[in-house]
Structures are given as C-alpha cells and as structure tokens.
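The structure appears right after this line, and notes come after that.
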Amino acid sequence: MKTERNKVNKRQWSLLVVAGLVAAALGMSLASFKYNPKPAQDSAIEEFFKQELRSPSGEIHPTANWRGKVLVLNYWASWCPPCVEEMPELVRSQSKYAAKNVLFVGIGVDSPSNIREFLFKTPVNYPIVLGGLEGSNWAKSMGNPSSGLPFTVLVNEKGVIIKSKLGKITEDELSSWIDSAIIPSK
Numbered sequence: 002m003k004t005e006r007n008k009v010n011k012r013q014w015s016l017l018v019v020a021g022l023v024a025a026a027l028g029m030s031l032a033s034f035k036y037n038p039k040p041a042q043d044s045a046i047e048e049f050f051k052q053e054l055r056s057p058s059g060e061i062h063p064t065a066n067w068r069g070k071v072l073v074l075n076y077w078a079s080w081c082p083p084c085v086e087e088m089p090e091l092v093r094s095q096s097k098y099a100a101k102n103v104l105f106v107g108i109g110v111d112s113p114s115n116i117r118e119f120l121f122k123t124p125v126n127y128p129i130v131l132g133g134l135e136g137s138n139w140a141k142s143m144g145n146p147s148s149g150l151p152f153t154v155l156v157n158e159k160g161v162i163i164k165s166k167l168g169k170i171t172e173d174e175l176s177s178w179i180d181s182a183i184i185p186s187k
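Set out below in structure tokens:
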C-alpha cells in the first residue's frame, strides 16, 4: 500500500515539475517577445517626419525640421518611474552632444496637463512634444509592439532607425549609440 502511494506522489511531483518547467519556458518566451524591440517598419520614420507636433505649451514643432540630425526619440510618461529616472541622463547627454548635430526629443505618451505639471517641476533641455495615443502607434511602428515605456529610438542623419531599446537607457548606452551614429566632420 505504501509503495502505491509513493508511486502516486512521485507521479504528482513529476507532473508538477513538468508543468512548472513548461510555465517557466512559456513565461521566458513571452517576456522575450514583450521586451525585445522588433525591427521598425520601413515607413515609420518617414511618417514621423510628416508630423507637426505640439509642445505642452502649444508651440508647433514641424518634425521635418529635424531631418539631417541624429535624433534620439524617447517615448515616456510622467507616471512611468523608469522614464523619470532616466531623464537626468537624457539631459546630460543632450548637453554633451548638442554641438554635434544631435537632438533629443521627448514624446510624452501622457495627458498634456500631466506633462506640463511634470516639466514645471523637472525642466529639460530638449523639446518635449505631445504624443498621446498616436505616440503609442508611432512607437509600435518604430519597433515597440507592446507600447511599453520608456522606449528610445536612435535615428541617424540619413533618417534611418539604427537602434532602439525598450526599458530604461543609461548615459553610457546613449554615448555608445550616438558615437556610432555621428558622421565625422571632414
């Protein structure tokens, strides 16, 4: 009787272990899908350059004026802790690279009032524009299928998306990205 009960317990444990391994593998594959940016759609940056985006104060920014620059597009929201944590690094990087034809642009995927309130407390040295729901769609077309935040995209001077990252970006990563994208002056 005892050996039959042990067999049942071993079978139950075996099933439990197999189910756990399957769940772990499924979780890892879903996490990989969710957090790894996908290749950008070919037309994504061209569509972006056709926009006229509004700042929280109402100023219009024709994105066509940004052609020919190395662009760091950062999708963010005031309610997103990693977005807020990386902002000082974005500010320092914009200061470091401003004279090298590099422009950081913050695309707020948040309400205009939240963005205005946030910027009142935390000023930045680069343009912030209102993305709203359309901002999430741009992020998707640029390689962010989950619309997770923060999401950062590097566009070279030729208007080609060359890097993207879903999640908090560091100053060292930004420097490496930008240094590889800058065309040396002759």
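Per the working numbering, residue 2 is the first one in the sequence shown, and the count goes up by one each step. All C-beta atoms, glycine included, are put in the ideal place defined by N, C-alpha and C.
Contact under 7 Å by Cβ, residue i with residue j
i: residue 188; j: residue 74; result: In the structure displayed, the chain extends from 2 to 187; residue 188 sits before or after that span and is not available.
i: residue 152; j: residue 140; result: yes
i: residue 170; j: residue 118; result: no
i: residue 137; j: residue 148; result: yes
i: residue 155; j: residue 182; result: yes
i: residue 76; j: residue 125; result: no
i: residue 103; j: residue 128; result: no
i: residue 184; j: residue 98; result: no
i: residue 90; j: residue 174; result: no
Reduced DSSP category for residue i - H, G, I as helix; E, B as strand; rest coil
i: residue 189; result: Outside the displayed range of the chain (2 to 187) lies residue 189, so it cannot be described from this structure.
i: residue 150; result: coil
i: residue 179; result: helix
i: residue 163; result: strand
i: residue 70; result: coil
i: residue 184; result: coil
i: residue 46; result: helix
i: residue 168; result: coil
i: residue 158; result: coil
For residue i: DSSP bridge partner residues
i: residue 53; result: 63
i: residue 141; result: Its beta-bridge partners do not exist; DSSP assigns none.
i: residue 75; result: 107, 153
i: residue 129; result: 107
Other residues of its chain near residue i: CB distance less than 8 Å, five sequence neighbours each side excluded
i: residue 64; result: 49, 50, 51, 52, 53, 54
i: residue 162; result: 41, 45, 46, 143, 144, 154, 155, 156
i: residue 116; result: 57, 79, 109, 129, 131
i: residue 176; result: 94, 97
i: residue 71; result: 98, 101, 102, 103, 104, 155, 156, 157, 158, 179, 182, 183
Own chain residues within Cβ distance below 7 Å of residue i, not counting five before or after
i: residue 69; result: 158
i: residue 96; result: 126
i: residue 123; result: 88
Same chain only: Cβ atoms within 6 Å of residue i, ignoring 5 sequence neighbours per side
i: residue 92; result: 125, 126
i: residue 190; result: The structure shown does not extend to residue 190, since the chain is modelled only from 2 to 187, so the question has no answer here.
i: residue 81; result: 150
i: residue 83; result: 151, 169
CB contact check: residue i to chain E, cutoff 7 Å
i: residue 96; result: Of the chains in the structure shown, none is chain E; there is only one protein chain.
(message) In chain order, what are the residue ranges of uninterrupted beta strand (DSSP E) at least 3 long that sit wholly in the stretch 78-110?
(response) The stretch 78-110 contains these whole beta strand (DSSP E) runs: 103-109.
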